[in-house]
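Numbering (mature numbering (1 follows the signal peptide of the UniProt record, and there is no 0)), first residue to last: -24 to -1, 1 to 145.
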């Protein structure tokens, strides 16, 4: 009897979860006659989501292959991240974003750039010493690791991204 009751509860929960989607509608869709409401804009994927797409994932794996002292989160490209940006640097287009170690973003993070043609990827991994003084001046306690053999131009771009952070001093 108890097993049958659990089965009924499980089935009821599944049916409610499936049917609840038909009741939920975005508030922006409801409008007065004659009023045009814009469609919701699709958000830009995060850098971590971009790294899971086959072309980007393949380039990432090629970049990290053979890199020494690279932690698992960085090697897999499986960190916490926000949406990437499309930027122009030196007349070239790049997808640029940051990625960090889950639960330790302030001490372990990296900036990543993909060429617009998806053929190249570069990274700047930053590790900040876990010291109280590093909170006020993280750059003084940081070590850097370049990934993907970036030239001076790419290094300057990734460094500029890092330095845009108001907390980076």
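Don't be surprised by glycine CBs; every beta carbon is placed ideally from N, CA and C.
Nothing here was measured: the structure is a model prediction, and the numbers come from that model.
Item, Value
"Look at the alpha carbon of residue 55 and the alpha carbon of residue 79, and state the distance between them as a whole number of angstroms.", "9 angstroms"
"If we ignore side chains and look at the alpha-carbon of each, how far apart do residue 107 and residue 145 end up?", "15 angstroms"
"Leaving out five residues on either side along the sequence, give the residues of the same chain with a beta carbon under 7 angstroms from the beta carbon of residue 62.", "69 and 71"
"Between the Cα of residue 112 and those of 39, 82, 45 and 121, spot the shortest distance and give me the residue it belongs to.", "82"
"Between the alpha carbons of residue 33 and residue 130, how many angstroms are there, rounded?", "20 angstroms"
"Would you report the Cα separation of residue -7 and residue 51, rounded to the nearest angstrom?", "Reliability of the predicted coordinates at residue -7 is poor, the pLDDT of 38 falling under 50, and the value obtained from them is presented with this limitation in mind. Rounded to whole angstroms, residue -7 to residue 51 spans 38 angstroms at the Cα level."
"In the structure shown, what three-state DSSP assignment does residue 132 receive?", "helix"
"Label residue 77 either buried or exposed according to how many other C-beta atoms from any shown protein chain fall within 10 Å of its C-beta, with 16 as the threshold for buried.", "buried"
"Whole angstroms are fine: how far does the CA of residue 104 sit from the CA of residue 138?", "13 angstroms"
"Are the beta-carbon atoms of residue 100 and residue 65 separated by less than 8 angstroms?", "no"
"When we look at the beta-carbon of residue 31 and count the other beta-carbons within 10 Å, is it buried (16 or more) or exposed?", "exposed"
"Given a threshold of 16 other Cβ atoms within 10 Å of its Cβ, counted over all protein chains shown, does residue 190 qualify as buried or as exposed?", "Lying before the first or after the last residue shown, residue 190 is absent from the chain, which here runs from -24 to 145."
"Apply the 10 Å Cβ neighbour rule to residue 59 and answer buried if 16 or more other Cβ atoms are within range, or exposed otherwise.", "exposed"
"Could you check which residue in 88, 84, 19 and 43 has the C-alpha nearest to that of residue 119?", "84"
"Going by C-alpha to C-alpha distance, which of 43, 96 and 92 sits closest to residue 67?", "92"
"Is residue 103 close to chain B, meaning its C-beta is less than 8 angstroms from at least one C-beta of that chain?", "Chain labels in this structure do not include chain B; a single protein chain is all it has."
"The beta strand (DSSP E) that contains residue 75, what's its start and end?", "68 to 76"
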